[in-house]
DNA sequence: TTGAAAGCGGTACCAC
DNA sequence: GTGGTACCGCTTTCAA
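Chains as they are written, first to last, in UniProt numbering: chain A, 1 to 345; chain B, 1 to 345.
Pasting the structure below:
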């Protein structure tokens, strides 16, 4: 085997072509404005380039240009192990697709893993992401400190999903849960449901806050009645509340998640009530294959969100002057088999 | 919003700490050998660093170090669109996992797409891969010219799957199809099959060549008889051949792919023959969920191959002196429901 | 038109 | 121990 030879540099090309290094640089970057290189010289240089198999050094270019057409993807948990049917996969689909379209490569930041499976952006004080011109961040276990620090550093990034951090405004691509929740209440009202209930998750992440805001607004706007503890911020889905529910005036329930809806169904079944016969149920979450029922629910356009994240990021990267803005992405409401007209008893 | 400020550099830190820039550099790279910085100075520097929020510049580092702990992944077709259940996914799983373990980040080269969905390594003469210290290549539509050029350039890379290119030896991580094919013939022979047939794909890619080599070797070694055109390199699975097969002495068939096996089954059924009642069938390919039968087949350890690819690559990258070697990865033979003892008629 | 030269931000060697 | 300094490969200004 030939011994490892040094990769050719511009100076080598220059020597071979009998010109100066800067001439080579100009030809390569196609700098036609400043200095028009005569066709003759140009040819010689180009020939030398292919002769020597010259390839520009990416690192050196970045150093000069402060850009390498590289976009980072940082997930706060490892991507692939869970990707098959979950959360990340569709986002990545859109991210990859759009990145290819706009001509950027993607860096998957994986080396920052800690033993507990969580991933960090900063490792011994250094921000790995800096390698890319900008990054898309996603993950449920978002580290808000790191987010704040990143924002303070003015590093260009977008987060998929809304994340509020005091003192920093994070550009996010977020599903419009509020709007979708409102739309779901609309469909219930349109069918004639007047008394409805709300079942909440014990989390107060932004996405749930959004759902609640949309729900409450719609209930108020439509003049519906909701006497459920869930709507007032108390945990519900207790045995007592279920008893109360089946005995009460409610004809429909809105659940924040499939998990809750499934639990609700079990509880109702135990009390001889069926869905949607006795009670309609709608879910404020995308439904995955494999759940026990075809829930009426909303659909998060994950792939589209991935694409939009790239668009937003590229905008920031290409024009650092503009501050990032968040993007609200509408969710579709998909009909299922768990909402019907109210029972008439 | 604060106006975009220049990121702090080592010289800024140095000034703030009242030391020289090289001292800063030493503290940061933890250069304890050459020059031990007194705890006092060290503190001052560290303080200045966190004060200013200094972050090392990746590009500059690469330029010096000629390494950025970045491994590339280039697929000759787009990854995600097909990834869900296919080919790429498991490889990526292993690649990501192992890269994380050894502390490298991954660059997904996506920017080189052409309108026809194919991806190229070289775009207007420049090799994007150069950005990473080394790359893993995969894809069915491997571009051999590019492979050759890459090898000629001495760029560190490994290919998943065997690829031969005249004049270059490509380091590959390859499933040991030959061995697995032999093992499958062994199991048939062990059951008492003496007359067997082979059904081939109309492709002559390396992976098929390997299967054929392993098959032929085993048939010879075990003294079995194979009079099928498939074994001699002619296309088979024609109507005539099927007629011949059901009338002939063969009690088992080895098919190169699930596709062929399925077709075979259809053809046999049309002739009133069943699998494995009349004829045993084994497949020289991993079987995906969703096929019509539980074929006896081999299993390509995709995830493991991904991990091994990273190991091989890292070895090349960290010691450029050593020439890359290919790695043969054993495949398991998994029993199904399509191989039985030979019919005794 | 073309070349010389000054950096981009770090690293590492070499005197002091 | 510490600071000065050459250089990594490329881009861009400035003279010639």
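Ideal Cβ placement from N, Cα and C applies to all residues, glycine included.
Q) From this set, 164/B, 20/B, 181/B and 73/B, which residue's C-alpha is nearest residue 109/B's C-alpha? A) As a first step, residue 109/B is located in the second chain; it is residue number 109 there, counting from the start. Among 164/B, 20/B, 181/B and 73/B, the Cα nearest to that of residue 109/B is on 73/B.
Q) Name the DSSP beta bridge partners of residue 159/B, please? A) Residue mapping note: residue 159/B aligns to position 159 of the second chain, counting from 1. The partner list for residue 159/B (beta bridge, DSSP) reads 137/B and 172/B.
Q | Contact with chain B by residue 59/A, beta-carbon distance below 8 Å | A | The count along the first chain starts at 1 and reaches residue 59/A at position 59. Judged by the 8 Å Cβ criterion, residue 59/A is in contact with chain B.
Q) Buried or exposed: which applies to residue 133/A, given that a residue is buried once 16 or more other Cβ atoms fall within 10 Å of its Cβ? A) Looking up residue 133/A in the first chain gives position 133. Classification for residue 133/A: buried.
Q. How is the alpha helix (DSSP H) around residue 49/B delimited, first residue to last?
A. Position 49 of the second chain holds residue 49/B. Unbroken alpha helix (DSSP H) run through residue 49/B: 39 to 52.
Q) Roughly how many angstroms lie between the CA atoms of residue 162/B and residue 111/B, to the nearest whole one? A) In the second chain, residue 162/B corresponds to position 162, counting from 1. In the second chain, residue 111/B corresponds to position 111, counting from 1. Cα to Cα, residue 162/B sits roughly 25 Å from residue 111/B.
(Q) Let's see if you can read the secondary structure: which residues bound the alpha helix (DSSP H) around residue 24/A? (A) Numbered from 1 along the first chain, position 24 holds the residue referred to as residue 24/A. Segment 21 to 28, the alpha helix (DSSP H) holding residue 24/A.
Q) Nearest-angstrom Cα distance between residue 149/B and residue 102/B? A) One-based indexing of the second chain puts residue 149/B at position 149. One-based indexing of the second chain puts residue 102/B at position 102. Answer to the nearest angstrom: the Cα atoms are 28 Å apart.
Q) Looking only at its own chain, which residues have a Cβ that is under 6 Å from the Cβ of residue 218/B, when we skip the five neighbours before and after it? A) Here residue 218/B corresponds to residue number 218 of the second chain, with the count starting at 1. Around residue 218/B: 182 and 185.
**Q.** Rounded straight-line distance, which links the Cα of residue 264/B to that of residue 71/B
**A.** Your numbering for residue 71/B matches position 71 in the second chain. Your numbering for residue 264/B matches position 264 in the second chain. Straight-line Cα distance between these residues: approximately 43 Å.
Q | Three-way DSSP call (helix, strand, coil) for residue 3/A in this model | A | For the purposes of this step, residue 3/A is identified with residue 3 of the first chain, where counting begins at 1. Bear in mind that a pLDDT of 48 at residue 3/A, under 50, signals an unreliable position, so the number given afterwards is only what the model happens to contain. Coil.
Q: Taking only the alpha-carbon atoms, compute the straight-line gap between residue 82/A and residue 88/A and give it to the nearest angstrom.
A: Walking along the first chain from the start, residue 82/A turns up at place 82. Walking along the first chain from the start, residue 88/A turns up at place 88. With a pLDDT of 45 at residue 82/A, under the threshold of 50, the modelled position of this residue cannot be trusted; read the value that follows with caution. For residue 82/A and residue 88/A, the distance between alpha carbons rounds to 8 Å.
Q.
Would you say residue 104/A lies against chain B (beta-carbon separation less than 8 Å)?
A. Start at 1 with the first residue of the first chain, and residue 104/A comes out as number 104. It does; some Cβ of chain B falls within 8 Å.
Q: Return the chain-ordered list of same chain residues with a C-beta closer than 7 Å to the C-beta of residue 336/B, the five sequence neighbours on each side being excluded.
A: For the purposes of this step, residue 336/B is taken as the residue at position 336 of the second chain. Cβ within range, chain order: 294, 295, 296 and 297.
**Q.** Element boundaries [beta strand (DSSP E), containing residue 253/B]
**A.** Taking the first residue of the second chain as position 1, residue 253/B is located at position 253. Residue 253/B -> beta strand (DSSP E) spans 252 to 255.
Q) With DSSP run on the structure shown, which of helix, strand or coil describes residue 300/B? A) Position 300 of the second chain, counted from the start, is the residue given in the question as residue 300/B. The answer is coil: DSSP assigns residue 300/B none of H, G, I, E or B.
**Q.** Contacting residues, own chain, Cβ-Cβ under 8 Å from residue 167/A (five flanking each side not counted)
**A.** The sequence position of residue 167/A within the first chain is 167, counting from 1. So the qualifying residues of the chain are 148.
Q.
With a threshold of 8 Å between beta carbons, is residue 109/A in contact with chain B?
A. Residue numbering aside, residue 109/A sits at position 109 when the first chain is read from its first letter. Yes, residue 109/A counts as interfacial toward chain B.
**Q.** Straight-line Cα distance separating residue 321/B from residue 3/A
**A.** Looking up residue 3/A in the first chain gives position 3. Looking up residue 321/B in the second chain gives position 321. Bear in mind that a pLDDT of 48 at residue 3/A, under 50, signals an unreliable position, so the model cannot answer this.
Q | Run of the alpha helix (DSSP H) containing residue 154/B, from where it starts to where it stops | A | As a first step, residue 154/B is located in the second chain; it is residue number 154 there, counting from the start. That residue, residue 154/B, is in no alpha helix (DSSP H); it is neither H nor E in DSSP.
Q | Helix, strand or coil at residue 206/A according to DSSP, with G and I counted as helix | A | Translated into positions along the first chain, residue 206/A becomes position 206. Note: residue 206/A maps to helix in three-state DSSP.
(Q) Helix, strand or coil for residue 76/A? Go by DSSP, reduced to three states. (A) Translated into the one-based positions of the first chain, residue 76/A becomes position 76. The answer is coil: DSSP assigns residue 76/A none of H, G, I, E or B.
(Q) Along the chain, where does the beta strand (DSSP E) containing residue 186/B start, and where does it finish? (A) Start at 1 with the first residue of the second chain, and residue 186/B comes out as number 186. Here residue 186/B belongs to no beta strand (DSSP E); instead the alpha helix (DSSP H) covers 177 to 191.
Q.
Does the contact criterion of 3 or more C-beta pairs under 8 Å hold for the stretch 251 to 264 of chain B versus the stretch 276 to 285 of chain B?
A. yes
Q.
Quick check: the stretch 190 to 199 of chain B against the stretch 228 to 236 of chain B, are at least 3 beta-carbon pairs closer than 8 Å?
A. yes
Q: List the DSSP bridge partners of residue 280/A.
A: Working through the first chain from its first residue, we reach residue 280/A at position 280. Residue 280/A is bridged to 252/A.
Q: Leaving aside the five residues before and after residue 67/B along the sequence, list all residues of the same chain whose C-beta is less than 8 Å from its C-beta, in chain order.
A: Counted from its first residue, the second chain places residue 67/B at position 67. These residues qualify, in order along the chain: 133 and 317.
Q) Within the chosen definition, does the stretch 43 to 55 of chain A reach the stretch 46 to 60 of chain B through at least 3 CB pairs nearer than 8 Å? A) no
Q. Buried or exposed: where does residue 99/B fall if 16 or more other Cβ atoms within 10 Å of its Cβ makes it buried?
A. By 1-based counting over the second chain, the position of residue 99/B is 99. Residue 99/B comes out buried.
Q. So what's residue 332/A in DSSP terms, helix, strand or just coil?
A. The count along the first chain starts at 1 and reaches residue 332/A at position 332. Three-state DSSP puts residue 332/A in a strand.
(Q) For the beta strand (DSSP E) containing residue 199/A, name the first residue and the last one. (A) By 1-based counting over the first chain, the position of residue 199/A is 199. Where residue 199/A is concerned, the enclosing beta strand (DSSP E) stretches over 196 to 199.
Q. What residue does the alpha helix (DSSP H) around residue 12/B start on, and which one ends it?
A. The sequence position of residue 12/B within the second chain is 12, counting from 1. From DSSP, the alpha helix (DSSP H) with residue 12/B extends over 10 to 17.
Q. Among 194/A, 187/A and 204/A, which has the Cα closest to the Cα of residue 223/A?
A. For this step, residue 223/A is matched to residue 223 along the first chain. The shortest C-alpha separation from residue 223/A is found at 194/A.
Q: Determine which residues share a DSSP beta bridge with residue 347/A and list them.
A: Beyond the ends of chain A as shown, which are 1 and 345, falls residue 347/A; an answer cannot be given.
Q) Who are residue 339/A's beta bridge partners in DSSP? A) To locate residue 339/A, count along the first chain from 1; it is residue 339. None, per the DSSP bridge assignment.
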